[in-house]
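Shown next, in structure tokens, is the structure this report addresses.
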Amino acid sequence: MKGVFMIAKQLSVFLENKKGRFTEVAKILGEAGINMTAFTVSENSDFGILRLIVSDTEKAISVLREHSYGISVTDVVRLRCPNVSGALGKAMDRITQNGIFVEYMYAFSEGDTANVIIRPDNLEKCVEVLGE
Amino acid sequence: MWNETAEKMSRVEMRKLQSTRLRNVVKHAYHNSPFYRRKMQEMDITPDDIQSIDDIVKLPFTVKQDLRDNYPFGLMAVPMSEIVRLHASSGTTGKPIVVGYTRKDLAVWKEGVSRCLTAYGVTKDDSIQVSYGYGLFTGGLGAHDGVENIGGTVIPMSSGNTQKQIQLMHDFGAKGLACTPSYALFLAETIHESGIPLEEFQLRVGAFGAEPWTENMRKELEEKLHIKAYDIYGLTEICGPGVGGECECQDGTHLWEDHFFPEIVDPVTLQPVEPGKQGELVFTTLTKEGMPMLRYRTRDLTALHYETCACGRTAVRMDRILGRSDDMLIIRGVNVFPSQVEAVILELPEFEPHYFMIIDRVNNTDTFLIQVELRPDYYSDEMNRMLALKKKIADRLLSVIGIRPEIKIMEPHSIERSQGKAKHVQDNRKLL
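Chains A and B are the protein sequences, given in the same order. Counting the first sequence from 1 gives a position; this note's numbering is that position plus 19. Counting the second sequence from 1 gives a position; this note's numbering is that position plus 25.
Following this line, the structure appears as structure tokens:
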């Protein structure tokens, strides 16, 4: 059983490690009517990088820029596969067999569908491999 | 060269001349200035103790506060009837610094400016627009007298009224521009905005000074105005602009040491440092009558080089001013100047030109944190890349200042922007 995939735009927001920073981002996006589909945080003692998939990327960029956030936009692979055991393993196997390194990944589910966000070191090749 | 005898004098001859002149100025100060006499008596020395230029280290230092304490005319060493001009520097705090010139002092000042202008390639055929402020500030009249002295044509614009500056510079075909480097940049931008093609201007030389500037600013000025941009150095306490200037080699500022004797001392111990080493610049006026300065501490940090310059001048060369000794911090025993930190941050394209330093002492060890901001294009989704930027700037700072600071990347616009003099340092150490 083969998964379907697409290229998604991911937003990364630089956050200083202090109280209330995430709350503020959530509030700004909420007030702009933007929905967070998925997110993950990578952090160290100084700062965090909040990575987001949102309902309206362009609008999210503009409201966050207005509020002086440091952001970057990255193309990532969004893989949708059935929410059953073993489905993700096959896709991952194909990626790693082809020498593609995954910088990071995170997952969320929508009903019967599992969604995996993959940030490969080589997006082009990853797309090619998954499309075969 | 304006004065080849002086500018190319052998080191041996120069030391001899400096020795003779030092003996004279010390005698003059001792006998005619109660201030210097008292200072020398306190150190138990008389003019007889000063025989050669090497004896200069026996003399007391003079500092800016001495000029304030003796406001307005307490440091004059001639009757006021001999003083033909006064200048003053405003100073942002306290009383102004006042200086008085005899006719001969003005002649020496003119001589200094003339040597600078000639070194920049300016001749009597050239017209020079003087856009330093005229008045109590030494810039305007100092440059003015120098241009007249070499027989050039002065365009005495003073500062301000930028549109008119550009129009007259264009219409009069000014070959040279004398002003502060920051005003020159402003003029350059205004010329570009005006739409007048640069080819219609005759400008080819800039004499810029009265504030510290960088190699990057030079590059920018030379590109934007199609000129050669030269440093002119000076300070009111010594005479004004013209204490020294660059030559065509642009490899250090020649100081006219037959009149203004420079020393470099360690700002903490006040002991002389070896030639070529950085420290605080100290001047003794060797020929000044009105208000001689003995070992005046400029607070400017630089280094001196005594090798003969490629231009043929033997006159000692000074590095660009690195900063002010008043701003110096001692962190883990290392002298750190905010200007060094600033220079590193400015040269790295990934970082905004804003920073804030926090120094503290934890468990008897100094901590040194620098807050920086990234430029918009350098934020990344990858933690490794962000950490690599921190490492890059910390490594660069380590190689320049000798200690490794802790770097904290801040959110955009969270560091206070400079309005005039920005506050860059917070020292939380309580020493006692």
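Glycine included, every Cβ here is placed at the ideal spot set by N, Cα and C. Since this is a predicted model, take the numbers as computed values, not measurements.
(Q) Beta carbons nearer than 8 Å to chain A: which residues of the stretch 426-438 of chain B have them? (A) Lys433, Ile434, Met435, Glu436, Pro437, His438
Using a Cβ-Cβ cutoff of 9 Å, what residues of the stretch 71-104 of chain A are near chain B? List them in chain order.
Arg84, Ser87, Tyr88, Gly89, Ile90, Ser91, Val92, Thr93, Val95
- Item | For A:Asn102 and A:Asp131, the rounded distance between their alpha carbons | Locating residue 131 of chain A in the first sequence gives position 112, counting from the first residue. Locating residue 102 of chain A in the first sequence gives position 83, counting from the first residue. Between A:Asp131 and A:Asn102, the C-alpha separation is close to 5 Å.
Under DSSP, the beta strand (DSSP E) around B:Lys253 begins and ends at which residues?
The sequence position of residue 253 of chain B within the second sequence is 228, counting from 1. Start and end: 253-260.
Straight-line Cα distance separating B:Leu414 from B:Ser184: Along the second sequence, one-based indexing puts residue 184 of chain B at 159. Along the second sequence, one-based indexing puts residue 414 of chain B at 389. Rounded to whole angstroms, B:Ser184 to B:Leu414 spans 42 Å at the Cα level.
message: Strictly under 9 Å for the Cβ-Cβ distance: is A:Ile68 near chain B by that measure?
response: In the first sequence, the residue the question calls residue 68 of chain A occupies position 49. For A:Ile68, the answer is yes, since a Cβ of chain B falls inside 9 Å of its Cβ.
Exercise. Do the stretch 344-356 of chain B and the stretch 398-417 of chain B meet, that is, are 3 or more Cβ pairs less than 8 Å apart?
Worked result: no
(message) Is the beta carbon of B:Thr278 closer than 9 Å to that of B:Ser35?
(response) Taking the first residue of the second sequence as 1, we reach residue 35 of chain B at position 10. Taking the first residue of the second sequence as 1, we reach residue 278 of chain B at position 253. No, they are not a contact pair.
Chain A partners of B:Leu399, CB-CB under 9 Å?
-> Taking the first residue of the second sequence as 1, we reach residue 399 of chain B at position 374. Within chain A, the residues near B:Leu399 are Phe33, Gly89.
ask   = Using a C-beta to C-beta distance shorter than 9 Å, which residues of chain B count as neighbours of A:Asp112?
value = Residue numbering aside, residue 112 of chain A sits at position 93 when the first sequence is read from its first letter. Result: empty, since nearest Cβ-Cβ is about 24 Å, beyond 9 Å.
Task: Closest residue to A:Ile136 among A:Met111, A:Ala126, A:Glu143 (Cα-Cα distance) - done: Counting from 1 along the first sequence, the entry for residue 136 of chain A is found at position 117. Among A:Met111, A:Ala126, A:Glu143, the Cα nearest to that of A:Ile136 is on A:Ala126.
message: Quick check on DSSP: helix, strand or coil for A:Cys100?
response: Indexing the first sequence from 1 puts residue 100 of chain A at position 81. Strand at A:Cys100.
- Task: Specify whether the stretch 192-207 of chain B and the stretch 156-171 of chain B touch according to this definition: at least 3 beta carbon pairs, one from each stretch, less than 8 Å apart.
- Result: yes
request  = Work out the CA separation of B:Val88 and B:Glu107 for me, nearest whole Å.
outcome  = Translated into the one-based positions of the second sequence, residue 107 of chain B becomes position 82. Translated into the one-based positions of the second sequence, residue 88 of chain B becomes position 63. B:Glu107 and B:Val88: Cα-Cα distance of roughly 25 Å.
- [ ] Measure the C-alpha to C-alpha separation of B:His379 and A:Ile68 and round it to an integer number of angstroms.
- [x] In the second sequence, the residue the question calls residue 379 of chain B occupies position 354. In the first sequence, the residue the question calls residue 68 of chain A occupies position 49. When rounded, the distance between both Cα atoms is 22 Å.
message: For a test of the three-state rule: what should DSSP assign to B:Ser114, helix, strand or coil?
response: Translated into positions along the second sequence, residue 114 of chain B becomes position 89. In the structure shown, B:Ser114 sits in a strand (DSSP, three-state: E or B).
| said: Just verifying my parser: in three-state terms, what is the DSSP assignment at A:Ile26? | reply: Stepping through the first sequence from its first residue, residue 26 of chain A is reached at position 7. Three-state DSSP puts A:Ile26 in a strand.
Practice problem: Find the residues of chain A that neighbour B:Tyr404, judging by a C-beta separation of less than 8 Å, and give them in chain order. | Solution: For the purposes of this step, residue 404 of chain B is taken as residue 379 along the second sequence, with counting starting at 1. What B:Tyr404 touches in chain A: Ser31, Phe33, Gly89, Ile90, Ser91.
Taking the alpha carbon of B:Ala419 as the point to measure from, which residue in B:Met101, B:Arg442, B:Ile395, B:Arg320 has its own alpha carbon closest? By one-based count along the second sequence, residue 419 of chain B stands at place 394. For the residues B:Met101, B:Arg442, B:Ile395, B:Arg320, the minimum Cα distance to B:Ala419 belongs to B:Ile395.
Check your understanding: With burial defined as no fewer than 16 other Cβ atoms inside 10 Å of the residue's Cβ, what is the status of B:Ile346: buried or exposed?
Key -> To locate residue 346 of chain B, count along the second sequence from 1; it is residue 321. Flag for B:Ile346 reads buried.
Where does B:Phe368 fall in DSSP's three states? Numbered from 1 along the second sequence, position 343 holds the residue referred to as residue 368 of chain B. Here residue 368 of chain B is Ala; the residue named in the question, Phe, does not match the sequence. In this structure, B:Ala368 counts as helix in the three-state DSSP scheme.
**Asked** Quick one: any contact between the stretch 304-316 of chain B and the stretch 363-379 of chain B, if contact means 3 or more CB pairs under 8 Å?
**Response** no
When you compare the CB positions of B:Ala235 and B:Tyr145, do they come within less than 9 Å of one another, or not?
Along the second sequence, one-based indexing puts residue 235 of chain B at 210. Along the second sequence, one-based indexing puts residue 145 of chain B at 120. Their beta carbons are not under 9 Å apart, which means B:Ala235 does not touch B:Tyr145 by this criterion.
What does DSSP give as the partner residue(s) for B:Arg349 in the beta ladder? Locating residue 349 of chain B in the second sequence gives position 324, where the first residue counts as 1. Partner(s): B:Asp325.
So, does the CB of A:Asp65 fall closer than 9 Å to a CB anywhere in chain B? For the purposes of this step, residue 65 of chain A is taken as the residue at position 46 of the first sequence. True, the Cβ-Cβ gap to chain B drops below 9 Å.
Is B:Phe381 helix, strand or coil when you go by DSSP?
The residue labelled residue 381 of chain B in the question sits at position 356 within the second sequence. Strand.
Answer yes or no: do B:Ile257 and B:Cys141 have a C-beta to C-beta separation smaller than 9 Å? As a first step, residue 257 of chain B must be located in the second sequence, where it is residue number 232. As a first step, residue 141 of chain B must be located in the second sequence, where it is residue number 116. Yes, they are a contact pair.
- Task: Can you tell me which of the three DSSP states B:Cys334 falls into?
- Result: Here residue 334 of chain B is taken as the residue at index 309 of the second sequence, counted from 1. Here B:Cys334 sits in coil by DSSP.
Using 9 Å as the limit for Cβ to Cβ distance, is B:Met382 near chain A?
Taking the second sequence and counting its residues from 1, one reaches residue 382 of chain B at position 357. Look at B:Met382: its C-beta is not under 9 Å from any C-beta on chain A.
Any Cβ of chain B within less than 9 Å of the Cβ of A:Glu122?
Translated into the one-based positions of the first sequence, residue 122 of chain A becomes position 103. For A:Glu122, the answer is yes, since a Cβ of chain B falls inside 9 Å of its Cβ.
**Item:** Within-9 Å CB hit, A:Ser128 to chain B
**Value:** In the first sequence, residue 128 of chain A corresponds to position 109, counting from 1. With 9 Å as the cut-off, A:Ser128 does not count as an interface residue toward chain B.
Exercise. Could you check the C-alpha separation between B:Gly259 and B:Pro222 for me, to the nearest Å?
Key: For the purposes of this step, residue 259 of chain B is taken as the residue at position 234 of the second sequence. For the purposes of this step, residue 222 of chain B is taken as the residue at position 197 of the second sequence. For B:Gly259 and B:Pro222, the distance between alpha carbons rounds to 34 Å.
- prompt: For B:Ala54, does the three-state DSSP call read helix, strand or coil?
  reply: For the purposes of this step, residue 54 of chain B is taken as residue 29 along the second sequence, with counting starting at 1. Of the three classes helix, strand and coil, the one that applies to B:Ala54 here is helix, per DSSP.
Contact check, B:Glu377 vs B:Pro437, beta carbons under 9 Å: Counting from one through the second sequence, the residue named residue 377 of chain B turns up at place 352. Counting from one through the second sequence, the residue named residue 437 of chain B turns up at place 412. Yes, Cβ-Cβ distance for B:Glu377 and B:Pro437 is below 9 Å.
Self-check item: Residues of its chain near A:Asn117, where Cβ-Cβ distance is below 6 Å and the 5 sequence neighbours each way are ignored
Solution: The residue you call residue 117 of chain A lines up with position 98 of the first sequence. Excluding sequence neighbours, A:Asn117 sits near Val148.
Measure the alpha-carbon distance for B:Asp73 versus B:Asn49 and round it to whole angstroms. The residue labelled residue 73 of chain B in the question sits at position 48 within the second sequence. The residue labelled residue 49 of chain B in the question sits at position 24 within the second sequence. Distance between the alpha carbons of B:Asp73 and B:Asn49 is about 11 Å.
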